[in-house]
Structures are given as structure tokens and as C-alpha cells.
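Have a look at the structure below before the remarks.
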Amino acid sequence: MEKVNPKIQRLMSTDKQHFLTKHEFHTKETAERKDLLKFFIETRLKTDGGFLTNYLPDAERKDVATGHELLSESSGLYLRNLAFDTQGRFDNFYKQTKDTFYDG
């Protein structure tokens, strides 16, 4: 029988140490970039009715949302994020989202 390459052997391992990440993702730089992104989204893309699809409007394309349209999906993702935050912010944005997108 042919011997298995050690790199392949490691991939087939059931040892949990082989599945742990070797990189640190929660660094100070990552936290700073996350904060900057959150600030940009909340100050430049968030409106009372939802989130703009793009920062700069694009009137060229009419077949897809490329300008300052609002998408319920973006609001839903933001609500999911707010669910882990303070209840007041979630309730506020939920009401705005419902007022904007709910037809019933």
C-alpha cells in the first residue's frame, strides 16, 4: 500500500487541533476597520426608510437597483444586527422598516 502524504494525512485527521484557525481575526486593526465601516453605513447609507443601494446614484441602469433605491433585504440584515444591540434602536428601526416596506 502506498504511504499517504503527510499534508493529505493532516487534512483527513479527526484531531480537533487541525481544525482550529491559525490566524487572529479579532485584532485592533480589524476592530477599527469594522467601526469605520459601521460609521459609514449608518451616516451615509442609512435613511429613515432603510438603506440606499449605492452611495452614488446611477440613473443609467433601470433593470436593477443601482441608485438610491431602498431594499428590504438590507433593512432585514441591519435589524438582525440590531437584535444584538439595545432594544430601543431595534424597535425604532423595525417601525421605520415596516412603515416603508409593509403594504398590509
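Following my numbering, the numbering of the sequence shown begins with -10 at its first residue and continues without gaps.
The beta-carbon is built from N, C-alpha and C at its ideal position, and this holds for glycine as well.
Please read all numbers here as calculations on a predicted model, not as lab measurements.
Cross-strand partners of Phe82 (DSSP beta bridge):
Here residue 82 is taken as the residue at index 93 of the sequence shown, counted from 1. Answer is none; Phe82 lacks a bridge partner.
Under three-state DSSP, which class holds Phe40?
Along the sequence shown, read from residue 1 onward, the residue named residue 40 stands at position 51. Correct three-state label for Phe40: strand.
Between the C-alpha atoms of Leu34 and Lys27, what's the straight-line distance to the nearest angstrom?
The residue given as residue 34 occupies position 45 in the sequence shown. The residue given as residue 27 occupies position 38 in the sequence shown. Approximately 10 Å, taken between the alpha carbons.
With 16 other Cβ atoms within 10 Å as the buried cut-off, status of Leu41:
Here residue 41 refers to the residue found at position 52 of the sequence shown. Leu41 is buried by the Cβ-count criterion.
Given Asp88 as reference, the closest of Thr10, Tyr67 and Gly38 once Cα atoms are compared
Translated into positions along the sequence shown, residue 88 becomes position 99. Out of Thr10, Tyr67 and Gly38, Gly38 has the C-alpha closest to the C-alpha of Asp88.
Distance, Cα to Cα, Glu31 vs Phe73?
Numbered from its first residue, the sequence shown carries residue 31 at position 42. Numbered from its first residue, the sequence shown carries residue 73 at position 84. C-alpha separation (whole angstroms): 16 Å.
Cα-Cα separation, Leu60 to Asn43:
For the purposes of this step, residue 60 is taken as residue 71 along the sequence shown, with counting starting at 1. For the purposes of this step, residue 43 is taken as residue 54 along the sequence shown, with counting starting at 1. Rounded to the nearest angstrom, the two C-alpha atoms are 11 Å apart.
Look up Lys(-4) in the DSSP assignment and say whether it is helix, strand or coil.
Numbered from its first residue, the sequence shown carries residue -4 at position 7. Helix at Lys(-4).
Sub-7 Å separation of Thr86 and Ser64 beta-carbons
What you label residue 86 is simply residue 97 of the sequence shown in a count that begins at 1. What you label residue 64 is simply residue 75 of the sequence shown in a count that begins at 1. Their beta carbons are under 7 Å apart, which means Thr86 touches Ser64 by this criterion.
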